[in-house]
Amino acid sequence: MTDSAALPRGGNVPAAAADPLPPGIFPAARLAPARWLGDGESASGEGHAIGAWGPHFAFRGAGDIFAPGAEASGAGLAIALAETTPRIAPDLQPEKAVPEEVSDERCFLWVQDRAAMRLGGRPYHPGLPRDLRHRMVHVAVKDAAEALFALEEGIRCRDLAFVIGEVAGNPREFDFTASRRLVLAAERHGVPLWLVRLDARRDLGAARMRWEVASAPSLAPRWNAQAPGAARWKADLFRARGLRPGTWWITRQEGEHDRSDRAPIVAETVVTPRDGDLAGAVVDRSLASAAPQSRQEGR
Amino acid sequence: MAIWLARLSIDRWRRLRPNPGRKGADGSPLAEGEGEDAHPVALIRETAHGPRIAAVNRAAAAQGVRVEAMLADARALCPAVVTHPADAAGDLAFLEKMAVWAQRWGPWSAMDPPDGVIVDVTGAAHLFGGERRLLGDAARVLAGHGLAARLAIGPTAGAAWALAHHGPSGAILPEGDDVADRLAPLPMAALRLDDDVLLVLRRLGLKRLGDLTGIGRDALARRFRNRKTPSANPLLRHDQLLGRVPEPLLPVIAVHPVMVQRRLMEPIRHLTLLEVVIADLAAALVRELEGRGEGARRIDLACWRVDGEVVQRRLELAAASRDPDHLCRLFNEKLTRANESLEAGFGFEMVRLTASWAEPLGLTQDRLGESSEEHGTSLAACIDRLSTRLGPQAVRRAVPHASHIPERAQRWHPPLEPLPAAQHELAFHQRPLKLLDRAEMIEVLYATPDGLPHRFRWRGALHEVARAEGPERIAPEWWRERGSTRLRDYYRIEDGQGRRYWVYRAGLAGDGRGGLPQWFLHGLFG
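Going down the list, the sequences are from chains V and U.
Counting from 1, one number per residue, gives the positions in the first sequence under our numbering.
Counting from 1001, one number per residue, gives the positions in the second sequence under our numbering.
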C-alpha cells in the first residue's frame, strides 16, 4: 500500500478537437515572412525587400542584444529601442498605428535572473526614463528556466507594452528551440521582446534582430565639457531578417522633455554597408540579404 | 440614533443569573431589584494593585460603592457587598451582536465601545411612524430584554451621543435646529473627550459646550494644535458634533464569505481527479461571486482526508478575478509544484473552496468571441501566474520613497497596488539606470584627497577615467543613522571606452570618522 505519497500526475486529457487545427497551432500563413511594419516603403509582407535599419522601425518580434556585463549598455539600448518603436493597435493592423498623442500607460516587464542582477544590479527607479518609471514591473527569477517561463508569460500578456529580459551567459535552456518559441509568441501577440544577453557569446538564435552593443564615448554635453554626456552606444546589427546588417552609433537625445519629435534615440551609421556584402562569418550573415538595394536612412 | 446601555455589565450579569422568584427555570431574566440584585453586588476587575470595581448594581450604589474604587475601600463602606468577576470580553461580544441587532432600526450601525451603539436612522424613521415612535419602540424592546438604555436622536452621531449620555431621556434634536444653541447647556464631557483633556478644559474654566462658542476658534486651535486624534481635540470633536467635519463610523455588517464544497462519494487519491473537482468547485464559486458582483482576491482550498487530517492551500490573486479557467490553472500550477503537492493519504473525501477575501468586480462582457489563447492574457492574470510560480516576492514594482540616500530612494511594492503619492525627483540630478544591490569597493587613484578620481580598479579590470562630474554630496540621514556614518561624494564618471559609472567616496580625509575615505562603485549608467 503506497499510502501518503504525493499525488501522481495523471495523463493529460487532450482537448476535444472541434477546430480543424488543435489549439495552440495556427497556420503558418499568419506569420508573414518578415513582419516589418511602419517605415513606409520597406515593404512589410514581401520577404525580399532589403533595407537598412532605422530608429523608427516598428518591431514586434523578439530581439537579442549581446552586451558586456560590466556596463549597462545592453539594458540602455533595449529600453531605447523599445521606447522608439511606434505603437500598433492590439489587432496587429499596421495601418492602425496608435496616434502619438495617446500616452502609453501600459506596464512593461523587466525580467532578470540572479546572475544578471549580481553582474549589473537592478533597475533604479529615479534613473529610468520619466515616462517609463511608474510602469515597470520587475521580475527577479532564480535561473534561466524560470526566466524563460516569465518571458513567455510576459509576451503572451496583451496589457504589456514590451518585455525586457536580462540573462547572463549562455545557459543551456536558451537554445535555438527556446529562442524560436519566444520569437513566435512575441510576433503572434505583438508584444516586443528585447533579450539582453550579458557576457554571452553569439550562439544560435532565432531572434529577428541580433545586436551586439558596447558603450561608446559620449558626445560633449552642452554645458560642462568635462562631464560625461548623454548615453551613446556602438551597436552592431549582425543578423537581421529582411534588413542589411550594419553598425550604428546610437545616442539618446538630450534634453527632450516632450515627446513631440518622438525619437528618443538618434542613430548614425559608422560605415555605410556596401551593397551585397556577404563577407563575414556564417552565423553573422543575414540570411535574407539576397536582393541588395542601396538605401540609407536614420541620419 | 445613539443607544447608551448605561449599565451593560450589570445587566448582562443579571441576565445570566437564575431567577428563583419566578416559577421553575423558565429562563426569564432576573428583574431589577429582585433576588440577588436586591443585595449589593459589585463586578470586580483584577488590576496590578488588587481587585478594582468595574460595575455596581443599584443597591450597592445606594450603599456608597463607587465604580473604579478599590475593592478593599468598598468593603470598608459596605461589608455586605457580593463580588463577581467582570467579563469585559463578553460585554464587547454582546455589544457586537447588539450592534448588528440594532440594524432593525436603521440600515447602518456602528459600535461605540464600551457600552454604546450608534445607528444611522436617516430616512428610516417613517417606517416606525416618526422619530418619537421609533425611540419609543427601541426603548420598549431594550427594556424587554432587561437592559437599561438611554436613547437619543440627533443630526450627527456626536450630537446623538451627547444627548444620550448627558441630555434628557429620549431627547430628539430635529434636523433643522441650531445644534450649537440647543446643546450649549450640556457639560464638556458630552464631547467624548479623554479624561486628561477634560481636566485641562476644566482648569481653563470651560465647563459647558456653550463656553466653547464664546472663545475665538484660533485660540482653541492653537492650544490643541498638536492633538491629532479626535478624542483629544475638543475643537475637532465640537466640529463633529455640529456636523462641520465628517465623522467616519465603522459600520458593523455581517459578511459571510463565499464558500462551496463537494462531498465525494469515494475518496480520491489522484491529482487528475482532484483537478476535475476543483474545476467544478471553481465554476460554482464563480457563480456565487457573480451573484454578489464580486471577484475573489484570496481563495482557500481545504481538502479533508479520510484519516482526519485537513490539507489547506491558499491562493492570492493580484486583482479581483472571476475567471474559472484562470483559477483552475493557478491551482493546478500550485499543486503540481514539488514543495506544495498534497499528501493524499488514503484519499480526500471532501473538498471546499472559500473566497475569504473578495472585492467588488463589475459584470463585464469581456469573453465574447475571444480567448486568452487568441488575444493574450490580461495583466492581472499574467502577474498571478508569475507570482504563483515564482513566489510573491519575485514580482514587484519599484516605487519612489522620500530619502536622499540612493539605495533608500526606491522601494519594492506588489505590482498592482496603487502607487503611493510621492514628490517628483529633482530633474537636475542624473541617476544611473541600474543600481548594484550593494555598492562594491573599488581601488581609486586620485590627484588630491578630495578631488576627482583618475583611475580605478573594479572587478579586476582597470578603468581610466576620461571625464568626470562631481561631487554631488549626499549627507547621511542623521535622524536615521548613527553619528559615525560618513557622508558620500558621488561622481559620474566615464572611462576611456565610454562606460559610465556612478562612484562615490565615503567620507572626507580627516573628518574624524575613520581612516582614509573609501571608494565604492554604486551604479551603472545606460
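By construction, the Cβ of each residue, glycine as well, lies at the ideal position given by its N, Cα and C atoms.
Would you mind sorting residue i into buried or exposed? The rule is 16 or more other CB atoms within 10 Å of its CB.
i, result
"U/LEU1516", "exposed"
"V/PHE176", "exposed"
"U/ARG1012", "buried"
"U/GLY1512", "exposed"
"U/LYS1434", "buried"
"V/GLN253", "exposed"
"U/THR1377", "buried"
"U/LEU1005", "buried"
"U/TRP1161", "buried"
"U/ASP1181", "exposed"
"V/MET388", "Residue 388 of chain V is absent from the structure shown; chain V starts at 1 and stops at 299."
"U/VAL1310", "exposed"
"V/GLY40", "For V/GLY40, the predicted structure reports a pLDDT of 37, less than 50, and the residue's modelled location is therefore unreliable. The matter cannot be settled from this model."
"U/SER1484", "exposed"
"V/GLU187", "buried"
"V/ALA17", "Legend: pLDDT at V/ALA17 = 38, less than 50; position of this residue unreliable, value from coordinates given subsequently. Result: exposed."
"V/GLY190", "buried"
Find the residues of chain V that neighbour residue i, judging by a C-beta separation of less than 8 Å, and give them in chain order.
i, result
"U/PHE1543", "Outside the shown range of chain U, which is 1001 to 1526, sits residue 1543 of chain U, and nothing can be said about it."
"U/ASP1560", "This structure leaves residue 1560 of chain U out entirely; chain U is present only between 1001 and 1526."
"U/LYS1434", "ALA72, ALA75, GLY120, GLY121, ARG122, PRO123, TYR124 and GLY127"
"U/ARG1322", "Neighbours of U/ARG1322 on chain V: none; closest Cβ ~17 Å, over 8 Å."
How far does the alpha helix (DSSP H) with residue i in it extend, from its first residue to its last?
i, result
"V/GLY154", "144 to 155"
"U/LYS1228", "Per DSSP, U/LYS1228 belongs to no alpha helix (DSSP H) and is neither H nor E."
"U/PRO1234", "1234 to 1242"
"U/TRP1101", "1088 to 1101"
"U/HIS1126", "That residue, U/HIS1126, is in no alpha helix (DSSP H); it is neither H nor E in DSSP."
"U/GLU1349", "Note, U/GLU1349: premise wrong, no alpha helix (DSSP H); beta strand (DSSP E) at 1348 to 1360."
"V/PRO179", "Sequence check: residue 179 of chain V is Ser here, not Pro. Unbroken alpha helix (DSSP H) run through V/SER179: 176 to 189."
"V/GLU83", "73 to 84"
"U/LEU1445", "Counting along the chain, U/LEU1445 falls outside any alpha helix (DSSP H), though it belongs to the beta strand (DSSP E) covering 1434 to 1446."
Residues of chain U with CB closer than 7 Å to the CB of residue i, please, in chain order.
i, result
"V/MET154", "Inspection of the sequence shows that residue 154 of chain V is occupied by Gly rather than by Met. Chain U residues near V/GLY154: CYS1382."
"V/ALA140", "ALA1394"
"V/PHE149", "ARG1389"
"V/MET136", "ARG1397 and ALA1398"
"V/GLU146", "LEU1390"
If residue i and residue j are in contact, beta carbons under 8 Å, what's the gap, nearest whole angstrom?
i, j, result
"U/GLY1347", "U/ILE1268", "6 Å"
"V/ASP199", "V/LEU119", "7 Å"
"U/ILE1003", "U/ALA1138", "7 Å"
"U/LEU1198", "U/ARG1237", "11 Å between Cβ atoms; not a contact."
"V/GLY76", "U/GLY1526", "2 Å"
"V/GLY121", "U/LEU1524", "6 Å"
"V/LYS234", "V/THR247", "7 Å"
"V/ALA144", "V/VAL167", "6 Å"
"V/ARG106", "V/LEU160", "6 Å"
Residue range of the beta strand (DSSP E) that residue i falls in?
i, result
"U/ILE1268", "1258 to 1268"
"U/TRP1502", "1500 to 1506"
"U/ALA1302", "1294 to 1305"
"V/ILE164", "160 to 168"
"U/ALA1468", "1461 to 1474"
"U/ALA1398", "1395 to 1400"
"U/ASP1495", "1488 to 1495"
"U/LYS1207", "Note, U/LYS1207: premise wrong, no beta strand (DSSP E); not H, not E."
"V/GLU212", "209 to 215"
"U/PHE1456", "1453 to 1458"
"U/MET1001", "It is not in any beta strand (DSSP E) - U/MET1001 carries neither H nor E in the DSSP assignment."
"V/VAL196", "193 to 198"
"V/GLY246", "246 to 252"
"U/PRO1051", "1050 to 1056"
Which residues in chain V sit within 9 Å of residue i, going by Cβ to Cβ distance?
i, result
"U/GLU1494", "SER215, PRO217, SER218, ALA227, PRO228 and GLY229"
"U/GLN1497", "GLU71, ALA214, SER215, ALA216 and PRO217"
"U/ARG1431", "TYR124, HIS125, PRO126, GLY127 and LEU128"
Give the interface partners of residue i over in chain U, defined as CB-CB distance under 8 Å, in chain order.
i, result
"V/LEU160", "LEU1379 and CYS1382"
Starting from residue i, find everything on chain V with Cβ-Cβ shorter than 7 Å and list it in chain order.
i, result
"U/LEU1386", "VAL139, ALA150 and GLU153"
Kindly list, in the order they appear in chain U, the residues whose Cβ is closer than 9 Å to that of residue i.
i, result
"V/GLU173", "Under the 9 Å cutoff, chain U gives no residues; its nearest Cβ is about 15 Å from V/GLU173."
> Going along the chain, which residues of the segment 175 to 187 of chain V sit with their C-beta nearer than 9 Å to a C-beta in chain U?
Replying inline: none
>> Please list, in chain order, the residues of the segment 1401 to 1418 of chain U that have any C-beta partner in chain V closer than 7 Å.
In response: ALA1409, GLN1410 and PRO1415
>> Tell me which residues of the segment 1129 to 1145 of chain U have at least one Cβ-Cβ distance to chain V shorter than 8 Å, keeping chain order.
In response: none
>> At a CB distance below 8 Å, what residues from the segment 1448 to 1480 of chain U approach chain V? Give them in sequence order.
In response: TRP1458, ARG1459, ALA1461, ALA1466, ARG1467, ALA1468 and GLU1469
> What residues in the segment 1282 to 1314 of chain U have a beta carbon less than 8 Å from any beta carbon of chain V?
Replying inline: none
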